[in-house]
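If you read the sequence shown in the UniProt record's numbering, its first letter stands for residue 1, the second for the next number, and so on.
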Amino acid sequence: MSDNLPTSLLLNGREFSYEAIRQYPAQLDAPVNGYEARVLDFIRQWLNGAQEFGLRTSGSTGAPQLIQLRRRQLEASARRTGDFFDLGPGDRALVCLNCEYIGGLMMLVRGLERNMHLTIVEPHADPLALVPAEVRFDFAAFVPLQLRTLLDAGHAPRLNKMKTLLVGGATVDSTLHKDIQQQLTVPVLHTYGMTETCSHVALRRLNGPEASLRYRVLPGIAAAVDARNCLTLRGDVTDDQLIITNDVVSLDPATHTFEWLGRADFTINSGGVKVQAEKVELVLEVALAELGQPRRCFVAGRPDERLGEQVTAFVEGPALPAPLEEQLHQLLAARLDRYERPRQLVYAPEFRTTATGKLDRPGTLRGIGPEAFAPSAPVRRR
Numbered sequence: 001m002s003d004n005l006p007t008s009l010l011l012n013g014r015e016f017s018y019e020a021i022r023q024y025p026a027q028l029d030a031p032v033n034g035y036e037a038r039v040l041d042f043i044r045q046w047l048n049g050a051q052e053f054g055l056r057t058s059g060s061t062g063a064p065q066l067i068q069l070r071r072r073q074l075e076a077s078a079r080r081t082g083d084f085f086d087l088g089p090g091d092r093a094l095v096c097l098n099c100e101y102i103g104g105l106m107m108l109v110r111g112l113e114r115n116m117h118l119t120i121v122e123p124h125a126d127p128l129a130l131v132p133a134e135v136r137f138d139f140a141a142f143v144p145l146q147l148r149t150l151l152d153a154g155h156a157p158r159l160n161k162m163k164t165l166l167v168g169g170a171t172v173d174s175t176l177h178k179d180i181q182q183q184l185t186v187p188v189l190h191t192y193g194m195t196e197t198c199s200h201v202a203l204r205r206l207n208g209p210e211a212s213l214r215y216r217v218l219p220g221i222a223a224a225v226d227a228r229n230c231l232t233l234r235g236d237v238t239d240d241q242l243i244i245t246n247d248v249v250s251l252d253p254a255t256h257t258f259e260w261l262g263r264a265d266f267t268i269n270s271g272g273v274k275v276q277a278e279k280v281e282l283v284l285e286v287a288l289a290e291l292g293q294p295r296r297c298f299v300a301g302r303p304d305e306r307l308g309e310q311v312t313a314f315v316e317g318p319a320l321p322a323p324l325e326e327q328l329h330q331l332l333a334a335r336l337d338r339y340e341r342p343r344q345l346v347y348a349p350e351f352r353t354t355a356t357g358k359l360d361r362p363g364t365l366r367g368i369g370p371e372a373f374a375p376s377a378p379v380r381r382r
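Following this line, the structure appears as structure tokens:
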């Protein structure tokens, strides 16, 4: 690694010196767009020693909320990630997540705190298309949609020259996971974290011999479960406050690892039987892929007079042809318990997403008209 500390960064292909950013906007010699202005304003605050920052949560499970994070929390998170991946002066980081949310913002903080060379581009499905092909990066973080696009565009050789690659902000579907394992030799790690924990506090490897379903909690983070078997977290990144999540996990305190099982608020109570929506979603997603219909899907409970809630599957795109839908029903019947099987298959033209690219379940459900729920294609009970 080079001993020369960076004195500037690249933002959308334009160089900004840190000295000029400290005095932003006084030292600007040309206009910037709204996103660039917000990025520069955060970096200005950081370089000038600001101690508190307001951030909005992603809003994937409810309305976005504004929370306050202290500088020492962000510093602790950057230090832990930097130490874990051995990031430091001379390393080059690609920042292509939305910097108005914790994932992108922490990429900025890591670069600033570890004296890395920062190349920042506005969020784009194919961020490597926005930088010259000869530019090499050591570290980057993507949402699954970006990584899917990058692999489809043939960028695997370029990605494989990196030291580490993070993917987070949403689940990694089975098709993408398979492509990561087949195309990427660079260590790819799926992150677990949230705004309240200043980005990730646990990681699991997606490829290579160390690939695992279990997340390893980073050193210095205390993880436990509450009476619901939901994960709780405490550490310097939470300002030593206890964070109680709605994520149901199987925690092994001895190894400091856990397997994520689903969200407590996505549990469906159908006829007195609790069904974990994410388990059904995984089976549905794999079945669709096997039928040559890889699509986004999710499962939710709908009010039902007899059952309380009925398990309902939502699939993006046009309705499947009747023979394929029958095959799908057969696959679900073979792989799910009786109460887990969706009682209805509902099609939606396009799912809604949040500003960070996550599936917006509440927004999608609100946008589905009553005609979609017509009982034309109930899943047969076997």
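Cβ atoms here follow ideal geometry from the backbone N, Cα and C, with glycine treated the same way.
(request) State yes or no: is the C-beta of cysteine 297 within less than 8 Å of the C-beta of leucine 288? (result) Indexing the sequence shown from 1 puts residue 297 at position 297. Indexing the sequence shown from 1 puts residue 288 at position 288. A contact, by the Cβ cut-off of 8 Å.
(request) Would you kindly work out how many angstroms separate the C-alpha atoms of aspartate 86 and glycine 369, rounded to a whole number? (result) The residue you call residue 86 lines up with position 86 of the sequence shown. The residue you call residue 369 lines up with position 369 of the sequence shown. When the Cα atoms are used, aspartate 86 and glycine 369 turn out to be separated by approximately 51 Å.
(message) Could you tell me the alpha carbon to alpha carbon distance between proline 294 and lysine 279, rounded to whole angstroms?
(response) Taking the first residue of the sequence shown as position 1, residue 294 is located at position 294. Taking the first residue of the sequence shown as position 1, residue 279 is located at position 279. About 17 Å.
(message) I'd like to check one pair, valine 131 with valine 143: are the Cβ atoms closer than 8 Å?
(response) Stepping through the sequence shown from its first residue, residue 143 is reached at position 143. Stepping through the sequence shown from its first residue, residue 131 is reached at position 131. No, the Cβ-Cβ distance between valine 143 and valine 131 is not below 8 Å.
(request) Helix, strand or coil for glutamine 65, going by three-state DSSP, please let me know. (result) Reading the sequence shown from its first residue, position 65 is the one you call residue 65. DSSP places glutamine 65 in coil when its eight states are reduced to three.
(request) Enumerate, from N- to C-terminal direction, the unbroken alpha helix (DSSP H) stretches of 4 or more residues contained entirely within the segment 138–166. (result) 144–152 and 156–159
(request) Please confirm if leucine 47 has its CB atom under 8 Å from at least one CB of chain B. (result) No chain B is present in this structure, which holds just one protein chain.
(request) Output the boundary residues of the alpha helix (DSSP H) element that contains methionine 116. (result) Reading the sequence shown from its first residue, position 116 is the one you call residue 116. Here methionine 116 belongs to no alpha helix (DSSP H), and DSSP marks it neither H nor E.
(request) Decide if valine 135 is buried, meaning its Cβ has at least 16 other Cβ atoms within 10 Å, or exposed. (result) In the sequence shown, residue 135 corresponds to position 135, counting from 1. Label assigned to valine 135: exposed.
(request) With DSSP as the reference, label leucine 5 as helix, strand or coil. (result) Within the sequence shown, numbered from 1, the residue matching residue 5 stands at position 5. Correct three-state label for leucine 5: coil.
(request) Assign leucine 242 to one of two classes, buried (16 or more other C-beta atoms within 10 Å of its C-beta) or exposed (fewer than that). (result) Taking the sequence shown and counting its residues from 1, the one referred to as residue 242 is at position 242. By the 10 Å Cβ count, leucine 242 comes out exposed.
(message) Quick check on DSSP: helix, strand or coil for valine 32?
(response) If you number the sequence shown from 1, residue 32 lands on position 32. It is coil, neither helix nor strand.
(message) Between which two residues does the beta strand (DSSP E) holding valine 286 run?
(response) One-based indexing of the sequence shown puts residue 286 at position 286. Looking at the DSSP string, valine 286 is not in any beta strand (DSSP E); the run it does join, the alpha helix (DSSP H), is 277–290.
(request) Can you tell me which of the three DSSP states threonine 354 falls into? (result) In the sequence shown, counting from the first residue as 1, residue 354 sits at position 354. Threonine 354: coil per DSSP, three-state reduction.
(message) I'd like to check one pair, glutamine 73 with aspartate 247: are the Cβ atoms closer than 8 Å?
(response) What you label residue 247 is simply residue 247 of the sequence shown in a count that begins at 1. What you label residue 73 is simply residue 73 of the sequence shown in a count that begins at 1. Not a contact, by the Cβ cut-off of 8 Å.
(request) Return the chain-ordered list of same chain residues with a C-beta closer than 8 Å to the C-beta of arginine 335, the five sequence neighbours on each side being excluded. (result) In the sequence shown, counting from the first residue as 1, residue 335 sits at position 335. Cβ neighbours of arginine 335 beyond the five flanking positions: Val283 and Ala287.
(message) Judging by CA-CA distance, which residue of Asn12, Glu75, Thr57 and Pro187 is the nearest neighbour of glycine 49?
(response) Translated into positions along the sequence shown, residue 49 becomes position 49. Closest option to glycine 49, Cα to Cα, is Glu75.
(message) Please state whether the Cβ-Cβ distance between alanine 313 and valine 346 is less than 8 Å.
(response) Reading the sequence shown from its first residue, position 313 is the one you call residue 313. Reading the sequence shown from its first residue, position 346 is the one you call residue 346. Taking a C-beta distance under 8 Å as the contact criterion, alanine 313 and valine 346 qualify as a contact pair.
(request) Compute the distance between the beta-carbons of serine 199 and isoleucine 102, then report whether it is under 8 Å. (result) Residue 199 sits at position 199 when you count from the first residue of the sequence shown. Residue 102 sits at position 102 when you count from the first residue of the sequence shown. Cβ atoms of serine 199 and isoleucine 102: closer than 8 Å.
(request) Go ahead and pull the three-state DSSP assignment for threonine 197. (result) Numbered from 1 along the sequence shown, position 197 holds the residue referred to as residue 197. In the three-state reduction of the DSSP assignment, threonine 197 falls in the helix class.
(message) Could you check whether valine 299 and glutamate 326 sit closer than 8 Å to each other, using their CB atoms as the reference points?
(response) Sequence index remark: in the sequence shown, residue 326 carries index 326 (1-based). Sequence index remark: in the sequence shown, residue 299 carries index 299 (1-based). No, these two residues do not count as a Cβ contact at 8 Å.
(request) Between the Cα of histidine 81 and those of His329, Val95 and Val109, spot the shortest distance and give me the residue it belongs to. (result) Within the sequence shown, numbered from 1, the residue matching residue 81 stands at position 81. Strictly speaking, residue 81 in this sequence is threonine, with histidine absent from that position. Threonine 81 has its Cα closest to that of Val109, out of His329, Val95 and Val109.
(request) For leucine 66, count neighbouring Cβ atoms within 10 angstroms of its own Cβ and tell me buried if that reaches 16, exposed if not. (result) By 1-based counting over the sequence shown, the position of residue 66 is 66. With fewer than 16 other Cβ atoms within 10 Å, it is exposed.
(request) State the Cα-Cα distance for the pair threonine 195 and leucine 218, rounded to the nearest angstrom. (result) Mapped onto the sequence shown, residue 195 falls at position 195. Mapped onto the sequence shown, residue 218 falls at position 218. Each residue's Cα considered, the two are about 16 Å apart.
(request) Measuring alpha carbon to alpha carbon, tell me which of Glu15, Ala153, Lys178 and Ile221 ends up nearest histidine 117. (result) If you number the sequence shown from 1, residue 117 lands on position 117. The option with the nearest alpha carbon to histidine 117 is Glu15.
(request) With DSSP collapsed to three states, give me the class of arginine 22. (result) Counting from 1 along the sequence shown, the entry for residue 22 is found at position 22. Assigned with DSSP and collapsed to three states, arginine 22 falls in helix.
(message) If I measure Cβ to Cβ from arginine 382 and keep anything under 6 Å in the same chain, skipping five residues before and after, which residues do I get?
(response) Taking the sequence shown and counting its residues from 1, one reaches residue 382 at position 382. Any answer about arginine 382 is weak, because its pLDDT of 37 lies below 50 and its placement is not dependable; what the coordinates show is given next. So the qualifying residues of the chain are Ala333.
(request) Taking serine 77 as part of the alpha helix (DSSP H), name the residues at either end of that continuous run. (result) Residue numbering aside, residue 77 sits at position 77 when the sequence shown is read from its first letter. Counting along the chain, the alpha helix (DSSP H) containing serine 77 begins and ends at 71–85.
(request) Report back the beta-carbon spacing between threonine 255 and leucine 233 to the nearest angstrom; my notes put them in contact at under 8 Å. (result) Sequence index remark: in the sequence shown, residue 255 carries index 255 (1-based). Sequence index remark: in the sequence shown, residue 233 carries index 233 (1-based). Not confirmed; about 17 Å, so no contact.
(request) Starting from the Cα of glycine 262, find the closest Cα among Gln181, Cys230 and Phe42 and give me that residue. (result) By one-based count along the sequence shown, residue 262 stands at place 262. Comparing Cα-Cα distances from glycine 262 to each of Gln181, Cys230 and Phe42, the minimum goes to Cys230.
(message) From the DSSP secondary-structure annotation, give me the bridge partner or partners of residue 383.
(response) Residue coverage of the chain in this structure runs from 1 to 382, which leaves residue 383 outside it and unanswerable.
(message) Can you tell me where the beta strand (DSSP E) holding glycine 262 begins and where it ends?
(response) Taking the sequence shown and counting its residues from 1, one reaches residue 262 at position 262. That run of the beta strand (DSSP E) goes 257–263.
(message) Using only CA atoms, which one of Tyr215, Ala222, Arg214 and Leu189 lies nearest to proline 206?
(response) Along the sequence shown, read from residue 1 onward, the residue named residue 206 stands at position 206. One detail in the question is off: residue 206 reads as leucine in this sequence, not proline. The residue with the shortest Cα to Cα distance from leucine 206 is Leu189.
(request) Would you tell me roughly how many angstroms separate the C-alpha atoms of threonine 149 and aspartate 126, rounded to the nearest one? (result) In the sequence shown, residue 149 corresponds to position 149, counting from 1. In the sequence shown, residue 126 corresponds to position 126, counting from 1. About 6 Å.
(message) Give me, in chain order, the residues of the same chain whose beta-carbon lies closer than 6 Å to that of alanine 264; leave out the 5 immediate sequence neighbours on both sides.
(response) What you label residue 264 is simply residue 264 of the sequence shown in a count that begins at 1. Once the five neighbours on either side are set aside, the close Cβ partners of alanine 264 are Arg228, Cys230, Asn246 and Val248.
(message) Could you compute how far the alpha carbon of leucine 328 sits from the alpha carbon of arginine 341?
(response) To locate residue 328, count along the sequence shown from 1; it is residue 328. To locate residue 341, count along the sequence shown from 1; it is residue 341. CA-to-CA, the gap between leucine 328 and arginine 341 works out to about 11 Å.
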